[in-house]
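Each remark here refers to the structure printed beneath this line.
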Amino acid sequence: MPFDIIIVGAGLSGLVLAERFSSVLQKRVLVLEKRDHIGGNCFDYRDGNGILVHKYGPHLFHTSNQAVWEYLSKFTKWHQYEHKVLSSVDDKLVPLPFNLNTLYDLYDLREAEEIEGLLLNKYGYGARVSILQLRRESQPLLKELAEFIFNKFFVNYTTKQWGCRVEDISDEVIERVPVVLSRDDRYFDDIYQGIPTNGYTAMFKALASSPLITVKYGVDALTRLRLQGNKVLFDGRKFPGLIFFTGQIDSLFDYSDGELEYRSLQFVFEEHNKPSFQPVATVNYPNDYDFTRITEFKNILPAATSRTTIVKEFPQDYDRFDDMKNIPYYPVFTHKNKELFELYNRKLSNISNIVPVGRLAQYRYFDMDDAVANALLTFDQFRSA
Ligand code: UDP
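Position 164 of the sequence shown, counted from 1, bears residue number 164 in our numbering, the numbering being contiguous throughout.
Here's what the structure looks like:
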């Protein structure tokens, strides 16, 4: 069957676009997916213990964007879940983001009360303060607190996660985890939080269920696309419709101006013959081990089994030639990479029939809700194109 739209990649961005073009405009959509499964890095499956595990690391859905929540809710029901993280610091497991509970866990009562008073006086109860802002404090006790938090919770984790010094990582990355001036132990404070009741994969299948959508697996779209002048050819011919590309933008140009850097991860799964491994879904280990964190999946979506499955995350450099390291999870925000991305992006904007969408093509640290919002916006921009 002929197609009106081609989408490269069956992840969140690609499938939201496929769903919109097929259901709103009755377009015939071809989705080309390199892997043998749907859902990109959100893919999950039930393991031998019947536990729903996230193959590419824990994905926790949270948003304050009502439109995004309502949109996805058409394709899944939600298991009410608010993510909790503990951090292993000074041989204790304490709540992260650092909040007033963490303060009282790590300081003696008198000192904690004094610091709490200073913090609330300055910022007010419930404030979410950036650790980088707190470090600029001149009040001696607050300054000392900021250095304590920065050194114990951020410095070593960030070095492990990004493979560089904490100073070399963009502020916006570190500021994703604030210092919270309340007793709220939740990792996110968004209005809507949950896990698809039957998993992300089921939600993706629902997104792609229209007969107007064809998903082809095991297809490397780069072998089918070719740049020629200000057009992209598909299978050597001019494709009359739009092509939405969710892959790595540098790969589309065969890395002609250099490679963008990404950070990769190795996930090591372990099954344990006991009902529970740790008290919350995720425990971070900033200062010990080569892995950054351990996630226990039963604590995200309950499962009726006396066994449990965990995953450890080992950060690593991305290497497109190494099968163990060739999944790009995070863009690396350095000045050099931002400039290189802008160069590729300018080149792409001169090509009339291809649109970059999503974390890899737009080189952005999108959370899942950002990816959905961005894909919905892209649909609105191009629906009449
Ligand atoms: N971070 C940290 N210590 C932690 C958790 C996070 O230093 O215990 C820093 C680190 O630089 C990390 C960033 O905050 O890359 C963002 O953390 P987040 O949990 O949002 O990362 P993600 O879940 O996207 O990997």
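Just so it is clear, CB atoms sit at the ideal spot from N, CA and C, and this is done for glycine as well.
7 Å Cβ shell around Asn299 - same chain, five flanking residues per side excluded: What you label residue 299 is simply residue 299 of the sequence shown in a count that begins at 1. Same-chain partners within the cutoff: Val280 and Ala281.
Buried versus exposed, by CB contacts within 10 Å (16 or more), Pro140: As a working note, residue 140 is residue 140 in the sequence shown. So Pro140 counts as exposed.
Sub-8 Å separation of Asp322 and His62 beta-carbons: Numbered from its first residue, the sequence shown carries residue 322 at position 322. Numbered from its first residue, the sequence shown carries residue 62 at position 62. Between Asp322 and His62, the C-beta spacing is not below 8 Å.
Heavy atom of the ligand UDP within 7 Å of Asn337 beta-carbon: One-based indexing of the sequence shown puts residue 337 at position 337. False, no ligand heavy atom lies under 7 Å from that Cβ.
Spatial distance of Val16 from Leu207 (CA atoms): Here residue 16 corresponds to residue number 16 of the sequence shown, with the count starting at 1. Here residue 207 corresponds to residue number 207 of the sequence shown, with the count starting at 1. Going from the Cα of Val16 to the Cα of Leu207 covers about 7 Å.
Boundaries of the alpha helix (DSSP H) in which Phe234 is found, first to last residue: The residue given as residue 234 occupies position 234 in the sequence shown. For Phe234, there is no enclosing alpha helix (DSSP H); the residue is part of the beta strand (DSSP E) that begins and ends at Lys231 to Phe234.
At least 3 beta-carbon pairs within less than 8 Å: the segment 6 to 13 vs the segment 236 to 249: yes
Gln161 beta carbon near the ligand UDP (any heavy atom closer than 7 Å): Taking the sequence shown and counting its residues from 1, the one referred to as residue 161 is at position 161. Result yes, Cβ under 7 Å from the ligand UDP.
Contact belief for Ile213 with Val29 at Cβ below 8 Å, rounded distance in angstroms: Along the sequence shown, read from residue 1 onward, the residue named residue 213 stands at position 213. Along the sequence shown, read from residue 1 onward, the residue named residue 29 stands at position 29. Yes, they are in contact, since the Cβ atoms of Ile213 and Val29 sit about 5 Å apart, within 8 Å.
Thr158 CB to nearest heavy atom of the ligand UDP below 7 Å: Numbered from 1 along the sequence shown, position 158 holds the residue referred to as residue 158. Checking the Cβ of Thr158 against the ligand UDP gives yes.
Beta-carbon proximity check, Glu33 vs Lys205, cutoff 8 Å: The sequence position of residue 33 within the sequence shown is 33, counting from 1. The sequence position of residue 205 within the sequence shown is 205, counting from 1. No, the pair does not count as a contact, with Cβ atoms beyond the cut-off.
Length of the line joining the Cα atoms of Ala202 and Arg136: Along the sequence shown, read from residue 1 onward, the residue named residue 202 stands at position 202. Along the sequence shown, read from residue 1 onward, the residue named residue 136 stands at position 136. When rounded, the distance between both Cα atoms is 46 Å.
Where His59 falls, given that 16 or more other Cβ within 10 Å makes a residue buried: Walking along the sequence shown from the start, residue 59 turns up at place 59. His59 should be labelled buried.
Lys74 to Gly117 span [Cα, whole Å]: Walking along the sequence shown from the start, residue 74 turns up at place 74. Walking along the sequence shown from the start, residue 117 turns up at place 117. Computed Cα separation, rounded: 46 Å.
Ala67, buried or exposed, once every other Cβ within 10 Å from all chains shown has been counted against 16: As a working note, residue 67 is residue 67 in the sequence shown. Counting Cβ neighbours within 10 Å, Ala67 comes out exposed, since fewer than 16 surround it.
Test item: CB-CB of Asp47 and His54 under 8 Å: Stepping through the sequence shown from its first residue, residue 47 is reached at position 47. Stepping through the sequence shown from its first residue, residue 54 is reached at position 54. Taking 8 Å as the Cβ cut-off, Asp47 and His54 do not qualify as a contacting pair.
Continuous beta strand (DSSP E) assignments of at least 3 residues falling wholly in the segment 164 to 231: 192 to 196, 213 to 217 and 225 to 228
Minimum length 3: unbroken beta strand (DSSP E) runs contained in the segment 27 to 103: 29 to 33, 44 to 46, 52 to 54, 61 to 63, 78 to 80, 85 to 89 and 92 to 96, all fully within the segment 27 to 103.
Sequence-distant residues of its chain with Cβ nearer than 6 Å to Val268 (five each side left out): In the sequence shown, the residue the question calls residue 268 occupies position 268. These residues qualify, in order along the chain: Lys312.
Near the ligand UDP: Arg176 beta-carbon under 7 Å from a heavy atom: Counting from one through the sequence shown, the residue named residue 176 turns up at place 176. Under cutoff, so the answer is yes.
Beta-carbon gap between Ser23 and Ser210 smaller than 8 Å: Within the sequence shown, residue 23 is the residue found at index 23, counting from 1. Within the sequence shown, residue 210 is the residue found at index 210, counting from 1. Yes, they are a contact pair.
Val173 Cβ short of 7 Å to the ligand UDP heavy atom set: Numbered from 1 along the sequence shown, position 173 holds the residue referred to as residue 173. Correct: Val173 has its Cβ closer than 7 Å to the ligand UDP.
Contact check, Arg176 vs His83, beta carbons under 8 Å: The count along the sequence shown starts at 1 and reaches residue 176 at position 176. The count along the sequence shown starts at 1 and reaches residue 83 at position 83. No, the Cβ-Cβ distance between Arg176 and His83 is not below 8 Å.
Nearest neighbour of Ile51, chosen from Pro275, Asp171, Asn326 and Tyr123 [CA to CA]: Position 51 of the sequence shown, counting from 1, holds the residue named residue 51. The shortest Cα separation from Ile51 among Pro275, Asp171, Asn326 and Tyr123 belongs to Pro275.
Supposed contact pair Phe98 and Val166 - C-beta distance, whole angstroms, cut 8 Å: Residue numbering aside, residue 166 sits at position 166 when the sequence shown is read from its first letter. Residue numbering aside, residue 98 sits at position 98 when the sequence shown is read from its first letter. Not a contact, Cβ separation roughly 16 Å.
Straight-line gap, Ala386 to Asp257 (C-alpha atoms, nearest Å): This structure does not reach residue 386, given that the chain is present from 1 up to 385, and the question cannot be answered.
Endpoints, beta strand (DSSP E) assigned at Ile294: If you number the sequence shown from 1, residue 294 lands on position 294. Unbroken beta strand (DSSP E) run through Ile294: Arg293 to Glu296.
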